[in-house]
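> Attaching a single structure in structure tokens format; questions to follow.
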Amino acid sequence: KKKKKAKKAPPPSSAAEGGMGDDEEEEEAAVSSSSSSSLPGLEATKAGQKPRVVVLGTGWAACRFMKGLDTHTYDVVCISPRNHMVFTPLLASTCVGTLEFRSVAEPVSRIQSALATSPNSYFYLASCKLIDTHNHEVHCEAVPSVGLPTEPYGFKVAYDKLVIAAGADPLTFNIKGVKEHAFFLREVNHAQEIRKKLLLNLMLSENPGISEEEKRRLLHCVVIGGGPTGVEFSGELSDFIMRDVRQRYSHVKDYINVTLIEANEILSSFDVSLRQYATNHLTKSGVRLVRGVVKEVLPKKILLNDGTEVPYGLLVWSTGVGPSEFIKSLDLPKSPGGRIGIDQWLRVPSVQDVFALGDCAGFLEETGRQVLPALAQVAEREGKYLAELFTKIGKQDGGKAFAARDVSLGEPFVYKHLGSMASVGRYKALVDLRQSKEAKGLSLAGFVSWFIWRSAYLTRVVSWRNRFYVAVNWATTLVFGRDNSRIG
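Note that UniProt numbering has the sequence shown beginning at 1, numbered continuously upward.
Structure below.
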């Protein structure tokens with residue numbers, strides 16, 4: 001049999017080929033070099049040292065990449081304003097006390113132990129502010145200490161290879177009042193704030209002197225966005241109301257309500273039969289489904305495009321994600337939608353030694369590929385692929401800066417969708433195993449799907465430590481109910 005020849009990746013073009021003249025490039029590099037010379041930090045690696053890979057971010061893509069990276073070949077430096085990965089599929093469960101917050105947070109030093117044990121690998125709690133591709137450096141600012149006199153300070157880190165996996169920000173569509181009054185649900189601290197607000201409103205509504213109208217407003221939980229996150233959070237809320245609020249807040253149990261507002265159909269990427277099942281189940285569980293578009297968010301009410309006013313006490317915004325301000329500020333090629341543009345090997349064209357993946361990256365139009373959805377499984381698969389690619393590069397002595405121009409990268413990245421799952425509350429879930437929206441495949445709904453949903457995510461939790469936490473939390477919630485303590 002003839003061995004199939006791997007497709008060789010073309011080398012990325014130089015910055016000069018992108019339209020910048022040699023004189024302009026040298027002048028810009030000189031200015032950049034002089035401005036960064038005063039910053040402390042890690043200098044470029046020397047001969048005999050392992051190549052340094054700098055990773056921006058601690059999301060699904062970044063952590064899966066670091067987990068698979070060969071630290072015998074590379075040193076790794078991770079830079080992020082948070083020191084943990086969030087297991088986002090179970091984040092909604094923490095908002096109502098089904099799970100504890102630590103159950104969905106995995107420290108990056110447990111994912112890649114070299115960050116804590118290797119002498120030349122580090123984790124820096126900081127935000128990247130600038131990428132200097134001419135000098136192969138990233139400029140960062142340390143996360144300030146809240147309540148302490150320590151001032152934020154800047155530093156630089158030189159890289160041989162740079163992996164940008166900085167994630168994305170919630171989409172607000174520039175609707176007035178969203179950032180000021182709504183809660184997002186992407187980080188552990190978001191879930192903590194939602195839980196505190198929910199429990200605060202429950203307790204305040206029992207105080208004497210609160211009118212009937214104000215009680216209904218305080219206890220009206222509104223969710224904007226009918227995607228998996230919005231639906232799962234609505235299902236968790238309905239469970240919390242049915243089982244816990246009726247027992248522990250019996251004086252106000254008749255005032256609390258949940259409304260889910262979506263411009264189109266909920267769970268639009270799921271099979272039609274599953275969407276109908278979810279609609280019927282949520283309605284029976286007491287969730288009011290409203291089709292509408294938000295025009296403006298005020299401190300105590302939402303204005304819809306049709307003129308409807310919706311009072312609320314808790315507002316959770318879950319309408320998808322888009323490029324962050326940091327990603328928008330980068331002078332790098334962009335894909336449709338404003339993400340960092342990448343080729344089939346997850347490289348950023350026209351820039352040497354820079355790769356991007358996860359929610360912040362998308363295929364360029366010239367690749368002929370569609371921009372992949374912002375899903376955890378996409379980011380995880382990209383991270384695994386890139387770690388394997390770096391192993392190939394390292395074996396061909398291409399790990400150092402500018403050393404990978406002529407290496408063979410092998411097959412490009414190919415994504416195959418494994419299906420979608422969503423919990424809708426009360427021991428019911430949806431499992432859609434179609435490989436695309438148009439394809440045919442197995443679709444399940446009900447208790448069996450809920451069991452599959454829980455089993456699948458329990459096995460996907462990163463560490464055995466957190467799997468134990470999740471299993472114990474589920475068991476204690478089943479037996480004793482949810483924890484309704486408001487701390488902080």
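Beta carbons: idealized from backbone N, C-alpha and C, even for Gly.
Leaving out five residues before and five after His281 in sequence, what residues of the same chain have Cβ atoms less than 6 Å from its Cβ?
Around His281: Val424, Lys428.
> Can you have a look at residue 559 and say buried or exposed, based on whether 16 or more other CB atoms are within 10 angstroms of its CB?
No answer is possible for residue 559: the residues shown for the chain start at 1 and end at 488.
> If you scan the region 261-307 from start to end, which runs of the alpha helix (DSSP H) of 4 or more residues do you find wholly inside it?
Runs found: 272-284.
> DSSP has Pro170 in a bridge; who is on the other side?
Per DSSP, Val321.
> According to DSSP, simplified to helix, strand and coil, what is Asp23?
Interpretation of Asp23 is limited by its pLDDT of 48, a score under 50 that renders its predicted location unreliable; the figure taken from the coordinates is listed afterwards. DSSP places Asp23 in helix when its eight states are reduced to three.
> Could you give the distance in angstroms between the alpha-carbon of Glu236 and the alpha-carbon of Gly286?
One C-alpha to the other measures close to 12 Å.
> Going by C-alpha distance, which of Ser103, Asp169, His181 is nearest Glu325?
Nearest option by C-alpha distance: Asp169.
> Give me whichever residues DSSP pairs with Asn201 in a beta bridge.
For Asn201, which the question treats as bridged, DSSP gives no partner whatsoever.
> Could you tell me the alpha carbon to alpha carbon distance between Glu137 and Ala361, rounded to whole angstroms?
About 20 Å.
> If you check the beta carbons only, do Asn484 and Leu314 fall under 9 Å apart?
The answer is no: Cβ separation not under 9 Å.
> Below 9 Å between beta carbons: does that hold for Val96 and Asp239?
The answer is yes: Cβ separation under 9 Å.
> Skipping 5 residues on each side, what residues in its chain have a beta carbon closer than 7 Å to that of Ala114?
Excluding sequence neighbours, Ala114 sits near Thr71, Val76, Ser121.
> If Ser234 sits next to Val223, beta carbons under 8 Å apart, how far is it from one beta carbon to the other, in whole angstroms?
With 8 Å as the limit, Ser234 and Val223 qualify as a contact, their Cβ atoms being about 5 Å apart.
> Mind checking which residues open and close the alpha helix (DSSP H) that includes Gly48?
Run containing Gly48: none; DSSP gives neither H nor E here.
> Can you name, in chain order, every residue of its own chain whose Cβ lies under 7 Å from the Cβ of Leu39, other than the five neighbours on each side?
Result list for Leu39: His139, Gly154, Phe155, Lys156, in chain order.
> Can you give the Cα-Cα distance for Gly57 and Gly177, rounded to whole angstroms?
Taking the straight line from one Cα to the other gives about 28 Å.
> Under the rule that 16 or more other beta-carbon atoms within 10 Å means buried, what is Glu365, buried or exposed?
Counting Cβ neighbours within 10 Å, Glu365 comes out exposed, since fewer than 16 surround it.
> Give me the residue from Leu346, Gly337, Trp317, Tyr255 with the minimum Cα distance to Glu180.
Checked all of Leu346, Gly337, Trp317, Tyr255; the closest Cα to Glu180 is Trp317.
> Quick check on DSSP: helix, strand or coil for Gly368?
Three-state DSSP puts Gly368 in coil, outside helix and strand.
> Go to Tyr159, then tell me how far its beta strand (DSSP E) extends in each direction, as first and last residue.
Careful: Tyr159 lies outside any beta strand (DSSP E) and carries neither H nor E.
> Go through its chain and collect everything with a Cβ distance to Leu346's Cβ below 8 Å, but skip five positions before and after it.
Excluding residues within five positions, the ones whose Cβ falls inside 8 Å are Phe355, Ala356, Leu357, Ala361, Glu382, Tyr385, Leu386, Leu389, Phe413.
> Using 8 Å as the Cβ pair cut-off and three pairs as the minimum, do the region 42-52 and the region 78-86 touch?
With the cut-off at 8 Å, the region 42-52 and the region 78-86 do not touch.
> According to DSSP, is Ala445 helix, strand or coil?
Three-state result, Ala445: strand.
> Tell me His84's beta-bridge partners as DSSP assigns them.
Answer is Pro107, bridged to His84.
> In terms of DSSP beta bridges, what is Ser127 paired with?
Bridge partners of Ser127: Glu141.
> Got a sec, what are the start and stop residues for the alpha helix (DSSP H) Phe468 sits in?
Note, Phe468: alpha helix (DSSP H), 464-480.
> Leaving out five residues on either side along the sequence, give the residues of the same chain with a beta carbon under 7 Å from the beta carbon of residue 489.
Since the first residue shown for the chain is 1 and the last is 488, residue 489 is missing from the structure and cannot be characterised.
> Is the Cβ-Cβ distance between Arg243 and Arg486 less than 9 Å?
Against a cut-off of 9 Å, the Cβ pair of Arg486 and Arg243 comes out as no contact.
> At the level of alpha carbons, what is the spacing between Glu193 and Tyr457?
Taking the straight line from one Cα to the other gives about 24 Å.
> Please list, in chain order, all residues of the same chain as residue 489 whose beta carbon is under 7 Å from its beta carbon, the five residues on each side excluded.
The shown model of the chain, from 1 to 488, leaves out residue 489, and the question about it has no answer.
> Start and end of the alpha helix (DSSP H) containing Val378?
Counting along the chain, the alpha helix (DSSP H) containing Val378 begins and ends at 376-395.
> Whose C-beta lies closer than 6 Å to the C-beta of Leu444 among residues of the same chain, with five residues either side of it excluded?
So the list reads Val431, once near-sequence residues are dropped.
> Decide if the region 212-219 is in contact with the region 391-398; the criterion is three or more beta carbon pairs, one per stretch, under 8 Å apart.
Taking 8 Å as the limit for Cβ pairs, the verdict is that the region 391-398 does not touch the region 212-219.
> Would Pro336 be called buried (16 or more neighbouring beta carbons within 10 Å of its own) or exposed?
Exposed is the call here.
> Can you tell me where the beta strand (DSSP E) holding Ser420 begins and where it ends?
Residues 420-425.
> Spatial neighbours of Leu171 within its chain, please: C-beta separation below 8 Å, excluding the five flanking residues on both sides.
Here the set comprises Thr319, Gly320, Val321, Gly322.
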